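Q: Just so you know, the sequences run in chain order A and B.
At position 62 of the first sequence (counting the first as 1) the number is 62 in this note's numbering, and the numbers step up by one without a gap.
At position 150 of the second sequence (counting the first as 1) the number is 413 in this note's numbering, and the numbers step up by one without a gap.
Questions regarding the structure given below will be posed in turn.
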Amino acid sequence: MTGRWALRIATLLGFAFLYIPIGVIVLYAFNAQRVQAWPIQSFSTEWFSAALDNESVRGALLLSLEVGAGATLVALVLGSLAAFAVQRYRFFGRETVSFALVLPIALPGIVTGMALNSSINATGIGFTTLTIIIGHATFCIVVVYNNVIARLRRSSRTIEEASMDLGADAWQTFRHVTLPVIRSALIAGGLLAFALSFDEIIVTTFTAGTEQTLPIWILSNLARPNQRPIVNVVAVALIVLSAAPVYLASRLSGSTGVGGSRT
Amino acid sequence: MRSFTLQNFVTLATDPVYGTIALRTLGIAALVTVTDATIAFPIAYYMARVAGGRTRALLLMAVLLPLWSSYLVRVYAWRAILSPGGLFDWAFGLVGLPNLSPGFSDVSMWIVFSYLWLPYMILPIFAGLERIPNSLISASEDLGAAPFTTFRRVILPLAFPAVVAGSIFTFSLTLGDYITPKYIGNSQFLGNVIYDSQGVAGNIPFAAAFAVVPVVIMAIYLLAARRLGAFDAL
């Protein structure tokens, strides 16, 4: 049975590797000293209130929430429409559409970012909150699409036909039959889209212009030693705010393949 | 004013600086892939074939959460660990080898990239191992194979496409990254050249030409991966 013990130890070490860095940053957020050195001498919660009082942090948090909500909304509408089209109909270019939807999440962020940057420059609409939302929507659509299409594949169309046979019109059928079937898939996809958008950095740097989302705020303060205590707090907030939706989504969808991530 | 040129590709191919950067990126990407496969396999094996239902669900969640939690925060955490006076300096000092602490170097980039992409390797291998029918393993045992022989001759070949599937992520994500080299390492990566060309230098055509390099490498890699059956394992 030595093999099984070796396996247990290797697994344990692997998970330690995954979680120690996150633990370190959480501990640092409670570090009472300004100077960041290991081991931590004393603990305090003062940096949490300091971060809340920081105007640029608050602004960045609001923008991130706004962008997350916007991108999620766009993704929910376009992603589910695309899922219905690809799953329910046969049309010319169907395979291409499904490939093109998944591509943005497979491409390196820097390629997507540069392409968006050039396109926005070419149209001359300027870099605003709207362009960040458009940028995020490109890869948020795919998680909604994946969740909804997986649900549609598993559900039968006959219940909709039954509804229509019983005299329901198209809207009533959608409202009372189709929507309940896909509801949890929509919520799960939406939560994941929000989590993706909330901590996205690479595409954002190419589409944000001068605006600062929370990750951009961290990036621009990453190398500033005197901002470190506040960056630690923001980092912990980012971990919690992006982990919670993922946890909820995976409970809702009951599946493990949450449709790919990006960095 | 608008005309086409191959000049950017000529610069790319002839200036040795870019060759060095491309090779460094590829080398570290390969090293990270091998490291992640080594760390991920036992974890995935434990999850897929040893752990019971509840433990498995819990571990799966534990793999997913870091995958979805902020990439930037995880890089930042490593910066705190690797910086002077951080956890690594302390730990290496504790065992009496303070000079071995990697600081910000190619070694630290190797560690951090392996850390960042590890979940991408665990998940496909887990899925691949879970799909192996128990009957195949019983058959191998019935025919007299020792556990290790079963592992080497039955499980490993069946799981290999899944490892290749995971390597697509570890490889491609390393190729496109520019934030980790900037904040964890002290040398340039493909991604840094692209980023700096379009941002600092404002030379978008050159950035675009350089961006073709990772795209071509990944296209070749994907074709090879498809031959090895990795796409069915995704």
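In this text, a Cβ means the ideal position worked out from N, Cα and C, and glycines have one as well.
Here the structure is a predicted model, which is why all the values come from computation and not from measurement.
Please state whether the Cβ-Cβ distance between I302/B and G14/A is less than 8 angstroms.
A: Contact: yes.
Q: For V313/B, return the contacting residues in chain A, with the cut-off set at a CB-CB distance below 9 angstroms.
A: Within 9 angstroms Cβ-Cβ: R4, L7, R8, T11.
Q: Between the Cα of A82/A and the Cα atoms of A162/A, D169/A, N146/A, which residue gives the shortest distance?
A: Among A162/A, D169/A, N146/A, the Cα nearest to that of A82/A is on N146/A.
Q: If we cut at 8 angstroms on Cβ distances, does G349/B have a partner in chain A?
A: Yes, G349/B counts as interfacial toward chain A.
Q: Can you tell me where the alpha helix (DSSP H) with L321/B in it begins and where it stops?
A: Counting along the chain, the alpha helix (DSSP H) containing L321/B begins and ends at 316-331.
Q: Taking L186/A as the reference, which of A249/A, S220/A, I202/A has the closest Cα?
A: Per the Cα distances, A249/A.
Q: Along chain B, in chain order, which residues have C-beta atoms closer than 8 angstroms to that of A195/A?
A: Neighbours of A195/A on chain B, chain order: W331.
Q: On the three-state DSSP scale, how would you describe F367/B?
A: Residue state, collapsed to three classes: coil.
Q: Identify whether W380/B lies in helix, strand or coil by the three-state DSSP scheme.
A: Note: W380/B maps to helix in three-state DSSP.
Q: What separation, rounded to the nearest whole angstrom, lies between the Cα atoms of A487/B and F84/A?
A: When rounded, the distance between both Cα atoms is 33 angstroms.
Q: Assign N221/A to one of three DSSP states: helix, strand, or coil.
A: N221/A falls in the helix class under three-state DSSP.
Q: By Cβ distance, which residues of its chain are closer than 6 angstroms to S42/A, with the 5 residues on each side in sequence left out?
A: If we look at S42/A and ignore the five residues flanking it on each side, its Cβ neighbours are A32.
Q: Is E121/A helix, strand or coil by DSSP?
A: Glu is not the amino acid found at residue 121/A; the sequence shown has Asn there. N121/A: helix per DSSP, three-state reduction.
Q: G439/B CB to nearest chain A CB: under 8 angstroms?
A: It does; some Cβ of chain A falls within 8 angstroms.
Q: Output yes if chain A places a C-beta closer than 8 angstroms to the C-beta of S430/B; else output no.
A: So no, S430/B is outside the interface.
Q: Give me the subset of the region 334-362 of chain B whose CB atoms are less than 9 angstroms from a CB atom of chain A, sorted by chain position.
A: So the close ones are Y334, L335, V336, R337, V338, Y339, A340, W341, R342, A343, I344, S346, P347, G348, G349, L350, F351, D352, W353, A354.
Q: Quick one: which residues of the region 298-327 of chain B get their C-beta closer than 7 angstroms to a C-beta of chain A? List them in chain order.
A: From the region 298-327 of chain B, only I302, P305, I306, Y308, Y309, V313, L323, M324, A325, L327 have a Cβ closer than 7 angstroms to chain A.
Q: On the DSSP letters alone, give me the boundaries of the alpha helix (DSSP H) that S266/B sits inside.
A: Neither: S266/B is in no alpha helix (DSSP H) and is coded neither H nor E.
Q: Is W373/B near L294/B, with beta carbons less than 8 angstroms apart?
A: It is a contact, given that the beta carbons lie within the stated cut-off.
Q: Which bits of chain A does Y484/B rub up against, with CB to CB less than 7 angstroms?
A: Going along chain A, no residue has its Cβ under 7 angstroms from Y484/B, so there is no contact; the nearest lies around 12 angstroms.
Q: Using C-beta distances below 6 angstroms, list every residue in its chain close to G260/A, excluding the 5 sequence neighbours before and after it, in chain order.
A: Reliability fails at G260/A, whose pLDDT of 42 lies under 50, so the model's placement of it is uncertain and the value that follows must be treated cautiously. Correct list, in chain order: I105.
Q: Could you list which residues in chain B have their beta carbon closer than 7 angstroms to that of V246/A, in chain order?
A: What V246/A touches in chain B: L327, L328, W331.
Q: Locate the alpha helix (DSSP H) running through M164/A, then write down its first and last residues.
A: That run of the alpha helix (DSSP H) goes 158-165.
Q: V273/B CB to nearest chain A CB: under 8 angstroms?
A: No, V273/B lies away from the interface with chain A (no Cβ there is under 8 angstroms from its Cβ).
Q: Does the structure place the region 62-80 of chain A close enough to the region 184-203 of chain A that three or more beta carbon pairs sit under 8 angstroms?
A: Flag = yes, the region 184-203 of chain A and the region 62-80 of chain A touch.
Q: If we call anything under 8 angstroms between Cβ atoms a contact, is Q451/B one with I284/B?
A: Yes; because the gap between Cβ atoms is below 8 angstroms, this pair is in contact.
Q: Beta-carbon of Y145/A versus every beta-carbon of chain B: anything under 8 angstroms?
A: Chain B, which has no Cβ nearer than 8 angstroms to the Cβ of Y145/A, makes this no.
Q: When you compare each of P108/A, R157/A, R224/A, A188/A to L76/A by their alpha carbons, which one comes out closest?
A: Out of P108/A, R157/A, R224/A, A188/A, A188/A has the C-alpha closest to the C-alpha of L76/A.
Q: Provide the residue span of the alpha helix (DSSP H) that contains Q87/A, from first to last.
A: Its alpha helix (DSSP H) spans residues 55-88.
Q: Going by CA-CA distance only, name the one from Y28/A, I141/A, R94/A, V102/A that's closest to G349/B.
A: Considering only alpha carbons, the answer is Y28/A.
Q: Rounded to whole angstroms, how far is the Cβ of V336/B from the Cβ of I25/A, which I believe are closer than 8 angstroms?
A: Yes, they are in contact, since the Cβ atoms of V336/B and I25/A sit about 7 angstroms apart, within 8 angstroms.
Q: Do you know how far the Cα of T2/A is from the Cα of V246/A?
A: Approximately 36 angstroms, taken between the alpha carbons.
Q: From which residue to which residue does the alpha helix (DSSP H) around G135/A run?
A: First-last of the alpha helix (DSSP H) with G135/A: 129-154.
Q: Under 8 angstroms, do F411/B and L275/B count as touching if we go by C-beta distance?
A: Cβ distance not < 8 angstroms, so F411/B and L275/B don't count as in contact.
Q: Once the 5 residues before and after T263/A are set aside, which same chain residues still bring their CB inside 6 angstroms of it?
A: For T263/A, the pLDDT reaches just 38, beneath the cut-off of 50, and the residue's location in the model is therefore unreliable, leaving the point undetermined.
Q: Nearest to A122/A by alpha carbon, out of T207/A, D53/A, T138/A?
A: Per the Cα distances, T207/A.
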